[in-house]
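Everything on this sheet refers to the single structure shown next.
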Amino acid sequence: MNEETRFSVSKWPLLGLFAIVALSLAAGGYWLYHHETQAIRIEKFNGLKGIVELKTNQIVRWRQERIADARLWAQAGVDQGATFYFTLGGT
């Protein structure tokens, strides 16, 4: 028996095993990338949602203050309103 034929191993099973392992790693990497991307996107969305709520409340309070100032000026008249405004610390 020839030494080469006794120890010769077909390369196709090894090539198939390599292909399966490579595809498994690629699929796992893609899944992990997709999962992490979604987690980061949700985290950033929730952070921005909190900022939006804070800024909305800030704008609502600012608007209410301006409306209250306008009502004060409308009720008191220009001369009395100016005196009242400056005594409250307005500039």
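In the working numbering, the protein residues as written are -10 to 80.
All residues carry an ideal CB built from backbone N, CA and C; glycine is no exception.
Note that the structure is predicted; figures quoted are calculated from it, not measured.
As assigned by DSSP and simplified to three states, the class of residue i
{"i": "L77", "result": "coil"}
{"i": "S(-1)", "result": "coil"}
{"i": "M(-10)", "result": "Low per-residue confidence applies at M(-10): pLDDT is 49, beneath 50, and the placement is therefore not dependable, though the value from the model is reported in the following sentence. M(-10): coil per DSSP, three-state reduction."}
Contact set for residue i: own chain, Cβ-Cβ below 6 Å, skip 5 residues either direction
{"i": "G36", "result": "none"}
Any chain D beta carbon closer than 8 Å to residue i
{"i": "G36", "result": "Note that chain D does not occur in the displayed structure, where there is just one protein chain."}
Contacting residues, own chain, Cβ-Cβ under 8 Å from residue i (five flanking each side not counted)
{"i": "Y22", "result": "none"}
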